[in-house]
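Sequential numbering from 0 applies to the sequence shown in my numbering. The next block holds one structure in the form of structure tokens; read it before the comments.
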Amino acid sequence: MHNGHYRIVFTTTTGTLGEGACLIRDGRFVGADFLHHYHGDIRSDGGVLDFPMHCARHSPDVVSQLGLPLEFDVHWTGRETEHGFVLQAMLPGGVVLSASCTLLAA
């Protein structure tokens, strides 16, 4: 896992949900999209990724398209790729979310 800025594209089984960005430094990450900000620690073992992420909505006045609470935890799993990593998680309510993360700048 390389330190740097990453572009994130979130998708569900029905298509693209949105985009965000994150900064990864020494196994920790912080990021945000139009609705949430998030942070956590990344564990990598031979290119296999596993990490918990805490998410919080920027404002309680904005409604989540997926009916998500104001704050929640997500457990991501995935793998490193040549230019970043791909992830998958189960959101509260049973929605499967995928994320494709591409390194923009180291």
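From the three backbone atoms N, C-alpha and C, an ideal C-beta is built for every residue, glycine too.
Around the Cβ of His35, a 10 Å sphere holds 16 or more other Cβ atoms; the residue is buried. The C-alpha of Ser43 is placed about 11 Å away from the C-alpha of Arg27. Of all C-beta pairs linking the segment 68 to 77 to the segment 36 to 55, three or more are shorter than 8 Å, placing the two stretches in contact. The three-state secondary structure of Thr12, taken from DSSP, is coil. The residues Ala20, Cys21, Ile23, Gly83, Cys100, Thr101, Leu102 and Leu103, in chain order, have a CB closer than 7 Å to that of Tyr5 in the same chain once the five nearest residues on each side in sequence are set aside.
Under the rule that a run must span 3 or more residues, the beta strand (DSSP E) segments found entirely inside the segment 41 to 103 read 42 to 44, 47 to 56, 70 to 80 and 83 to 89. Between the C-alpha atoms of Val47 and Thr76 there is a straight-line separation of about 8 Å. The Cβ-Cβ distance between Gly66 and Gly93 does not fall below 8 Å.
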